[in-house]
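K.L.:
Note that the sequence shown ends on residue 753 in the numbering used here; no numbers are left out.
Positions of the beta carbon are idealized from the N, C-alpha and C atoms, including for glycine.
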Amino acid sequence: MAGLANVFGYGAMTNHQNDIRNSRSIMIIGMNPAENHPISMQHILTAKEVNRALIISVDPRFTKTSAFANKYVRIRSGTDVAFVYGLINIILANGWEDKKFIAERTYDFETFRNEIAKYDPDTASDITGASKEDLLWVARTLAENRPGTVIWAMGGTQHNHGTGVVRTYCHLQMVLGNMGVPGGGTDVFRGHDGIQGVTDVGGGPETLPGYYGVGETAWKHWAKVWDVPYEWLLARFKSKAMMEKPGFTVARWYEGVLLDAKELGQEANLKAVFFMGHSTNSMQQMDRVKKALEKVELIVDIDPFVTNTAVLPDRKDGIYLLPAATNYEAAGSATNTNRDLQWRQKIVDPVYESRPDLTIMVDLAERLGFKKQFIHNMKGDWKGVPATPMSEKDKYVKALPEQTIEDVLREINMGCLSIGYVGQTPERLKRQQEWGHVFDIKTKKAVGGPVDGEQWGLPWPCWTDKHPGSAILYRTDIPVAQGGAGFRAVWGPTAPDGKTMLSADGSAPKDGPTKGYPAQKDYAVDLTGESIKLALAEGRNPYGNGRARFNSWNIAADPFPIHREPIHSPRPDLIVKWPTYDDVKEHYRVPQPYKSMQKPEWVKSFPLILTTGRVVEMEGGSAPQRTSSWLVELNPEMYIEMHPKVAADHNLRHGEMCWVETPEDMDAKPSRIKVKVKITKRVGPDTVFLPFHWGGVFEGNSLAHKFPEGTAPFSIGESANTVTTYGYDRVTQMQETKTSLCRVKKA
Ligand SMILES: Nc1nc2c(c(=O)[nH]1)N[C@H]1C(S)=C(S)[C@@H](COP(=O)(O)OP(=O)(O)OC[C@H]3O[C@@H](n4cnc5c(=O)[nH]c(N)nc54)[C@H](O)[C@@H]3O)O[C@H]1N2
Ligand SMILES: Nc1nc2c(c(=O)[nH]1)N[C@H]1C(S)=C(S)[C@@H](COP(=O)(O)OP(=O)(O)OC[C@H]3O[C@@H](n4cnc5c(=O)[nH]c(N)nc54)[C@H](O)[C@@H]3O)O[C@H]1N2
Ligand SMILES: [Mo]
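Printed below as a string of structure tokens:
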């Protein structure tokens, strides 16, 4: 299940970054860790040097990561399904698949094989632009160098069929038998340092914490954890139906403001928007966002910095900027990409008027009239502290010691049984922090001290306060008590076609039943923890031992991933052969059209593929980074990467200004930005690239004067997202910020 999957990516790593040191091949596809995960890149480079691992970089751009690769393959943006299924086609044609793994631990390979037949090397090469020789080289290298890992990030997910793309990466690893082994795995590198945790605790609109969904069972479970009556929760909503309906996503909330209420999946338009650590220049279709920010009655922006949100809309009032404390000014745990939890100390007290996010949330709960219910589970010193008015803020902050944030984690430990968030107690995390030196860099396992045998970060599932955590998911060569697991048996014992969903005899974690088995009854809702203990006592994994699916029968539109041309496709011929989805009447409360939004003739007047991404000096919307003189010195201004041929065709020289324009989609006029030309062969002649870290200039006009005095960043610039276009993932609603069509003009 995805969590906060619409803008922030999808999934969790099966293995961990240090484990890449065990890999013999590493396919990095749709990710540029040399810029975006530079610390993790060191594990990749160690694998290359020490383990002689072969690195393959698959990207429309020759990135800093590509520069370290043994093989770089350029593909057209938006064609990963065809690329990966093209590889699998070659693997199957040569009999390189892991037959034992497929037979014992997967479901519906037979139908899958028929699907794969559609992606013969000619077809895959035509769609992707990769040569047949390169496809063969990559397939052979992955087959001959096992275990191998596949790593991806936003180049794989920010597409209208991004969910399909991600699933093909997993299918590749299932075919190669690279799952459940050190050095293997499907390793999506997550974005922000705590984003895995945000996903886990239900940051997305489709689930309560722990991936329970938003149905009645989920609400009843959490009502028990929070110790508030279910009826009280129900009474907060207009109806039970609305309570159980996923909300808007961060990718498209603004349509809840702009569209006619009749078109929405709820009765009324949105009237207020509340941002907490999110800057709007990171949002696709920013011209729509601007309009929505002008129309809502109330905007709240809780951030240590003044962001794009404050200056983008043309309005005189109704924007509240609340200064948030940073993570240096507050303690607590963060869950990182490895599923590891890390405890952090507070370094300094919050400076000036800033306050920790938790303090702000508790205050908000108080103003909304449910502080008592909100803090119910908190056992810290401050529980007895009476509601304190704003003016006595200092007293309030002091009354919020580390204790309360520990209580938040304990509540997660109590409730997120589904994924085994049980054993990562504040005490254990703090102890690990003190004993960090005894953990091995390659296995992340402690040797010695009171943490002996524990995995660093107690990665989930961590079933009890004695469990070491599960560093590598789906390993059957170790017992459950040491982190062993089969695949989840979440689909019940049989598939709709009557075939078994439980793994075959011989494929089960050691020291337990040898066959597949269903999940332990009630393990995810039994707050006593007895159900989990019962399973563990018999060497069973509480979530069962099932099969990984090639055929995901319940996934919208595509039970098997299909190559779908981007909404903005440069290939009218392929739009016909590989069509996009039918329009969807309602998805996350807004209409989500596909076919009716796609115009095959666009490519005639907008011939270039526009893709966007990151640079090492900046982060996301980059309000903090553009406020740092050192980082601005390193990367001072917004630019466009352009191939020499494109520059020559447009009579442009390095350092000159140009307009970038994209076709009209939901608005009547094309969008445009004015940026500086950087000529480079990183991109091919069909593609241009924009970093999306700038803001504060809109369609050629500076917004600098709109910042409150003294808060304008050192560097402002056009936002790439002013020109990114309509297009959203069919399942997660992730924005299609990796593929648009555009044209450039000399300014
Ligand atoms: N065109 C294009 N657009 C994209 C992407 C792309 O590849 N291309 N990528 C997308 C992705 S994957 C992401 S994750 C988003 C990222 O975009 P955003 O969600 O906007 O993330 P950031 O800019 O990293 O962080 C947002 C704000 O959090 C504030 N902040 C930092 N610490 C704290 C804190 O402790 N408390 C509070 N309250 N605030 C804090 C920072 O000052 C910053 O202004 O951008 C998305 N947008
Ligand atoms: N310095 C720095 N580090 C960061 C961030 C940051 O802003 N700055 N942001 C953090 C966050 S929130 C995230 S989510 C991660 C994201 O990390 P990455 O995914 O590495 O980030 P991007 O640069 O957006 O995209 C990666 C690559 O995808 C390529 N690409 C574009 N289209 C396609 C395609 O169709 N297929 C393939 N295979 N590749 C394609 C782009 O050319 C780009 O080189 O980084 C995190 N780390
Ligand atoms: Mo992200």
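Am I right that lysine 516 and isoleucine 484 are in contact with their C-beta atoms under 8 Å? What's the rounded C-beta distance?
P.N.:
6 Å
K.L.:
Quick one: does the C-beta of aspartate 140 sit closer than 7 Å to a heavy atom of ligand 2?
P.N.:
no
K.L.:
Once the 5 residues before and after leucine 318 are set aside, which same chain residues still bring their CB inside 8 Å of it?
P.N.:
Thr286, Asn287, Met292, Val295, Lys296, Leu299, Gly701, Phe704 and Leu709
K.L.:
Count the other C-beta atoms from every protein chain shown that fall within 10 angstroms of the C-beta of glutamine 604, then say buried if there are 16 or more, exposed otherwise.
P.N.:
buried
K.L.:
Any contact between the stretch 542 to 549 and the stretch 428 to 436? By contact I mean 3 or more CB pairs, one from each, below 8 Å.
P.N.:
The stretch 428 to 436 and the stretch 542 to 549 do not touch, with fewer than three beta-carbon pairs separated by less than 8 Å.
K.L.:
If you run the structure through DSSP and keep just helix, strand and coil, what is histidine 49?
P.N.:
helix
K.L.:
By the three-class DSSP mapping on this structure, what secondary structure does proline 597 have?
P.N.:
strand
K.L.:
Taking three-plus beta-carbon pairs below 8 Å as touching, is the stretch 119 to 131 in contact with the stretch 152 to 169?
P.N.:
no
K.L.:
Whole angstroms is fine: what's the gap from lysine 651's alpha carbon to valine 263's?
P.N.:
43 Å
K.L.:
Is it the case that the Cβ atoms of phenylalanine 556 and threonine 112 are separated by a distance below 8 Å?
P.N.:
yes
K.L.:
Determine the DSSP secondary structure at threonine 686, reduced to helix, strand or coil.
P.N.:
coil
K.L.:
Could you give the distance in angstroms between the alpha-carbon of arginine 345 and the alpha-carbon of glycine 426?
P.N.:
11 Å
K.L.:
Can you name the residues that DSSP bridges to alanine 278?
P.N.:
Leu304
K.L.:
Leaving out the 5 sequence neighbours to the left and right, which residues in its chain are closer than 7 Å to isoleucine 685 when beta-carbon positions are compared?
P.N.:
Setting aside the 5 residues that flank it on each side, isoleucine 685 is surrounded in the same chain by Met648, Pro650, Ala653 and His660, each with a C-beta closer than 7 Å to its C-beta; the list follows chain order.
K.L.:
By the 10 Å Cβ neighbour count, where 16 or more other Cβ atoms means buried, how is proline 392 classified, buried or exposed?
P.N.:
Residue placement at proline 392 is flagged as unreliable, the pLDDT there being 38, under the threshold of 50; a coordinate-derived value is accordingly withheld.
K.L.:
Please tell me whether glycine 162 and isoleucine 61 are closer than 8 Å, where the distance is taken between their beta carbons.
P.N.:
no
K.L.:
May I ask you to report which of helix, strand or coil DSSP gives phenylalanine 695?
P.N.:
strand
K.L.:
Excluding the 5 residues preceding and the 5 following proline 329 in the sequence, name in chain order all residues of the same chain whose CB lies nearer than 6 Å to its CB.
P.N.:
Closer than 6 Å at the Cβ level, and outside the excluded window around proline 329, lie Glu359 and Ser360.
K.L.:
If you draw a straight line from the alpha carbon of alanine 337 to that of arginine 373, how long is it in whole angstroms?
P.N.:
24 Å
K.L.:
Which term fits glycine 733, buried or exposed, when burial requires 16 or more other beta carbons within 10 angstroms of its beta carbon?
P.N.:
Glycine 733 should be labelled buried.
K.L.:
So, under 8 Å CB-CB, glutamate 724 and methionine 644 are touching, yes? Tell me the CB distance rounded to an integer number of Å.
P.N.:
5 Å
K.L.:
Under three-state DSSP, which class holds threonine 341?
P.N.:
strand
K.L.:
If we ignore side chains and look at the alpha-carbon of each, how far apart do methionine 180 and alanine 501 end up?
P.N.:
19 Å
K.L.:
Under the DSSP definition of a beta bridge, which residues are partnered with arginine 749?
P.N.:
Glu667
K.L.:
Does the beta-carbon of threonine 520, which I'm using as the reference point, lie nearer than 7 Å to any heavy atom of ligand 2?
P.N.:
Proximity of the beta carbon of threonine 520 to ligand 2 is not indicated: no heavy atom of the ligand is located closer than 7 Å.
K.L.:
Restricting to Cα atoms, I'd like to know which of Trp143, Arg736, Pro697 and Lys712 is closest to valine 729.
P.N.:
Pro697
K.L.:
Counting only the same chain and skipping the five closest in sequence on each side, list residues whose C-beta sits under 8 Å from that of phenylalanine 720.
P.N.:
Arg632, Thr633, Ser634, Ser635 and Val638
K.L.:
Reducing DSSP to helix, strand and coil, say where lysine 54 ends up.
P.N.:
Helix, per DSSP.
K.L.:
How long is the line joining the alpha carbons of isoleucine 581 and aspartate 266, rounded to whole angstroms?
P.N.:
Cα to Cα, isoleucine 581 sits roughly 30 Å from aspartate 266.
K.L.:
What do you reckon, are the CB atoms on phenylalanine 311 and alanine 73 nearer than 8 Å?
P.N.:
no
K.L.:
Looking at isoleucine 568 and valine 87, is the spacing between their C-beta atoms short of 8 Å?
P.N.:
Contact flag set, yes.
K.L.:
Look up leucine 347 in the DSSP assignment and say whether it is helix, strand or coil.
P.N.:
strand
K.L.:
As an exercise, report each continuous alpha helix (DSSP H) stretch of at least 4 residues that is fully enclosed by the stretch 618 to 659, in chain order.
P.N.:
Counting whole runs of 4 or more residues, the stretch 618 to 659 contains the alpha helix (DSSP H) stretches 635 to 640 and 650 to 655.
K.L.:
Can you check which of these residues, Gly190, Thr341 and Glu273, is closest to arginine 30 by C-alpha distance?
P.N.:
Gly190
K.L.:
Name the two residues that bound the continuous beta strand (DSSP E) containing methionine 180.
P.N.:
Here methionine 180 belongs to no beta strand (DSSP E); instead the alpha helix (DSSP H) covers 168 to 182.
K.L.:
How many Å lie between phenylalanine 612 and lysine 712 at the Cα?
P.N.:
So the two alpha carbons sit approximately 33 Å from each other.
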